[in-house]
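Residue numbers (this note's numbering): -7 to 340.
Ideal Cβ positions, reconstructed from N, Cα and C, are used throughout, including at glycine.
Being a predicted model, the structure only gives us computed values, none of them experimental.
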Amino acid sequence: MEQPKRLIDKLEATSMLTKEEWVALIESRNEGVAAYLFEKARKCQYQYYGNRIYTRGLIEFTNYCKNDCYYCGIRRSNRNAKRYRLAKEQILECCQMGYGLGFRTFVLQGGEDGWFTQEKLEDIVCAIKRGYPDCALTLSIGERSKESYQRLFEAGADRYLLRHETADETHYGILHPPELSANHRKQCLWDLKEIGYQTGTGFMVGSPGQTVEHLAEDLLFIRELTPHMVGIGPFVPHHDTPFAAEVGGTVELTLFLIGLLRVMLPKLLLPATTALGTIDPNGREKGVLAGANVVMPNLSPVSVRKKYELYDNKICTGEEAAECQDCLRRRMENIGYKLVVDRGDYCQ
-7 MEQPKRLIDK
3 LEATSMLTKE
13 EWVALIESRN
23 EGVAAYLFEK
33 ARKCQYQYYG
43 NRIYTRGLIE
53 FTNYCKNDCY
63 YCGIRRSNRN
73 AKRYRLAKEQ
83 ILECCQMGYG
93 LGFRTFVLQG
103 GEDGWFTQEK
113 LEDIVCAIKR
123 GYPDCALTLS
133 IGERSKESYQ
143 RLFEAGADRY
153 LLRHETADET
163 HYGILHPPEL
173 SANHRKQCLW
183 DLKEIGYQTG
193 TGFMVGSPGQ
203 TVEHLAEDLL
213 FIRELTPHMV
223 GIGPFVPHHD
233 TPFAAEVGGT
243 VELTLFLIGL
253 LRVMLPKLLL
263 PATTALGTID
273 PNGREKGVLA
283 GANVVMPNLS
293 PVSVRKKYEL
303 YDNKICTGEE
313 AAECQDCLRR
323 RMENIGYKLV
333 VDRGDYCQ
């Protein structure tokens, strides 16, 4: 076990490993190595954020999408998806409810839906920031031009989430149709960072065709980008996609990678994702104990939550936001953490 421990110590000291070292460390993991890693991860977590777990109010405002990603339940070709769009007034109602519950970050997430033009999106961003100037606004609406990102930033958006999914171009082609490319996805992330967004990326763990070498490339790319946020979660199949029969990702590997990310970039905002909670009833608690420090309760109207089905068996689709928040608060307190509702900005 000494070799993987030495690699973890090196990562803690330098935040850098070679691709070969990443592969060796991931391949040699076991319970003892994981325990050693998670102890280091919690130390980093406490150093910058204490026992605070930040909440983001998630508003899933459209499940229309022009893309046809092979793993996604709201892909263009899924004729069984029950499509919806929230009106601007409905989005603002979600914000009002969330603000009353104490949320100070809203995450506006949706498919790449052309009905929401640049002007409509800017109008929604301006309205949210005008109504809630003390809140942070995160957008997660896919690949756009640099000019579009710039204008949304000037309208008031603070953060942007765009998971790269896999840094390897060939693997990217296994997961996506030919019109999408890993290089373009990465360029969007560089553009977002240059504009001044708090920028988030991430990837699926255990996606079809993924190898340890691919994971090493993901970690190398994230170290190069040095984002403010990273969201990773296990691949969970959806029954109406080409990957319906594929095996999903594991909790064990996802947790190990969360720990590695926390030690590599100690200041990260790192969610314990809904997908992790979907495949393990205690997945989000385990994620926090591995180094995560963000959870994202759903503020979307309950009537549409089941329709935003990126993968099967998504949790919390029937709960009101207050119920979900209370449940998460108790869950975090049970493991010694405190759910807080301020903006939760990246620790400079």
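7 Å Cβ shell around G94 - same chain, five flanking residues per side excluded: If we look at G94 and ignore the five residues flanking it on each side, its Cβ neighbours are V333.
Buried/exposed call for D1, threshold 16 Cβ in 10 Å: So D1 counts as exposed.
Inter-residue spacing [alpha-carbon to alpha-carbon] between R21 and T109: Between R21 and T109, the C-alpha separation is close to 47 Å.
Under the three-state DSSP convention, the category P234 falls into: DSSP places P234 in coil when its eight states are reduced to three.
Host beta strand (DSSP E) of T54 (start-end): G49 to T54
CA nearest to the CA of I250, picked from A5, T218 and R34: In terms of Cα proximity to I250, the closest of A5, T218 and R34 is R34.
Which listed residue (R335, T242, L257 and Y300) has its alpha carbon closest to that of V287: R335
Under 8 Å between C-beta atoms of L348 and L320: Limits of the chain in this structure are -7 at one end and 340 at the other, which puts residue 348 out of reach.
Secondary structure of A149, DSSP reduced to three states: coil
Enclosing alpha helix (DSSP H) for Q37 [first to last residue]: E23 to Y41
Continuous alpha helix (DSSP H) assignments of at least 4 residues falling wholly in the stretch 235 to 282: 243 to 256, 266 to 271 and 275 to 281
Span separating the alpha-carbon of G328 from that of G269: So the two alpha carbons sit approximately 18 Å from each other.
Distance between beta carbons of G65 and H230, contact taken as under 8 Å: 4 Å
The alpha helix (DSSP H) enclosing M89, as first and last residue numbers: K80 to L93
According to DSSP, residues forming a beta bridge with N290: L50
Three-pair Cβ contact test at 8 Å for the stretch 260 to 267 versus the stretch 275 to 292: yes
Straight-line gap, G90 to K(-3) (C-alpha atoms, nearest Å): 43 Å
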